[in-house]
Amino acid sequence: MINTKILRPINWENLIRLGRDNDGGYVIPYEIIFKTNVLLSYGTNKDWSFEKCFIKKNSKVDIHCYDHTLNLFSLIRYTITSILLVPLYCITFDRKRLKKCIHGIFILPDYYIFFRKKVKHFKYRIWNTNVDYSKTINYTLSQIPKTARKNIFIKMDIEGTEYKVLNDIIDLSDFIGAIVVEFHAIDKYEEDFNKIINKISKYFNIVHVHGNNYSKLLTNQNFPSTIEITFLNKSHCDKNVKLSVKKYPLDGLDQPNKISRPDYDIVF
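Sequence positions in the sequence shown follow the working numbering and run 194 to 461.
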């Protein structure tokens with residue numbers, strides 16, 4: 194069983210959603226943006242809208258994005274697919290998907306405009322060993338100058354590999370201000386998930402949770418099998434924090450990942 198009770202966030206009023214509408218946006222504490230020196234993004238895919246919003250708010254931040262699947266061929270293929278889908282979404286008056294396709298048409302120049310100067314793309318996957326096209330969490334820290342190796346924000350969406358590497362991140366908690374993680378298949382990795390949450394909760398408070406409605410709902414617990422969790426280092430929190438009594442998803446802030454489905458209500 195997933196220990197859902199320990200997932201209830203603390204009460205944190207000043208939250209902001211960064212990134213595109215629906216899938217790709219995350220809710221984080223507003224203040225942490227300006228306290229961040231480096232944003233480490235693990236699993237960028239073909240959406241860097243969160244990173245764009247982050248650097249727009251804090252122009253001093255350095256951004257290191259890690260994704261081994263993002264290359265010239267994948268961008269060209271995505272562009273062609275977007276072009277082919279435009280007529281369909283015009284006919285069906287699907288404005289949201291049409292908007293996404295139009296963005297996809299221009300993704301190639303957008304990539305080369307965005308990934309320069311303070312924003313770097315490393316063509317590696319995040320893993321627990323440095324083999325082939327894989328790099329560890331410690332490697333990603335080694336790419337940051339020692340003087341900037343503090344107040345790091347981590348965004349992670351690596352399709353199940355989070356269970357292999359999160360212990361390494363927790364061990365480096367002194368350097369990390371906040372983390373937003375998309376946990377996949379928590380029913381499959383139930384034991385690992387519970388252990389990680391218990392361990393990370395020693396150093397971080399949960400400030401937000403959101404269920405990904407692309408995933409299935411665990412009927413035995415009425416809980417989504419994929420969940421986005423935002424953690425804030427306890428050094429940024431008051432000692433006497435109170436648990437939130439709000440209902441999740443948060444009105445006016447959260448958005449369903451899949452446009453055509455309603456968001457999942459979170460039952461702790």
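We put the beta carbon where it would ideally sit given N, CA and C, even for glycine.
On a predicted model such as this, the values are computed, not experimentally measured, just so you know.
- In the structure shown, P202 adopts coil according to DSSP, grouped into three states.
- Closest in C-alpha terms to K310, from the list G370, T262, K253, I298, comes K253.
- In this structure, I295 keeps its C-beta atom at 8 angstroms or more from the C-beta atom of K239.
- Distance between R454 and N321, taken at the CA atoms: about 35 angstroms.
- Within the same chain, and ignoring the five residues on either side of D447 in sequence, the residues whose Cβ sits closer than 8 angstroms to its Cβ are R210, V220, H403, Y441, D456.
- V231 carries a strand assignment under DSSP once its states are collapsed to helix, strand and coil.
- Apart from sequence neighbours up to five positions away, the residues of its chain that approach K427 with a beta-carbon distance below 7 angstroms are Y396, F397, N398, ordered along the chain.
- The C-beta of N230 has 16 or more other C-beta atoms within 10 Å across all chains shown, which makes the residue buried.
- For F424, there is no enclosing alpha helix (DSSP H); the enclosing beta strand (DSSP E) has its first and last residue at 420-426.
- Distances from the CA of I248 to each of K228, L208, T197 were compared; the closest alpha carbon is that of K228.
- Per DSSP, reduced to three states, the secondary structure at H377 is coil, with no helix or strand assignment.
- Straight-line spacing of the CA atoms in H257 and I351 works out to 15 angstroms.
- Contact between D361 and T329 holds: their C-beta atoms lie close to 7 angstroms from each other, under 8 angstroms.
- The residue from H429, F461, H314 with its alpha-carbon nearest to that of N413 is F461.
- Restricted to the region 223-283, the alpha helix (DSSP H) segments that are unbroken, complete and at least 4 residues in length are 223-228, 242-250, listed in chain order.
- Taking C-beta separations shorter than 7 angstroms and ignoring five residues to either side along the sequence, the partners of K250 in its chain run I226, following chain order.
- When DSSP states are grouped into helix, strand and coil, L365 belongs to the coil group.
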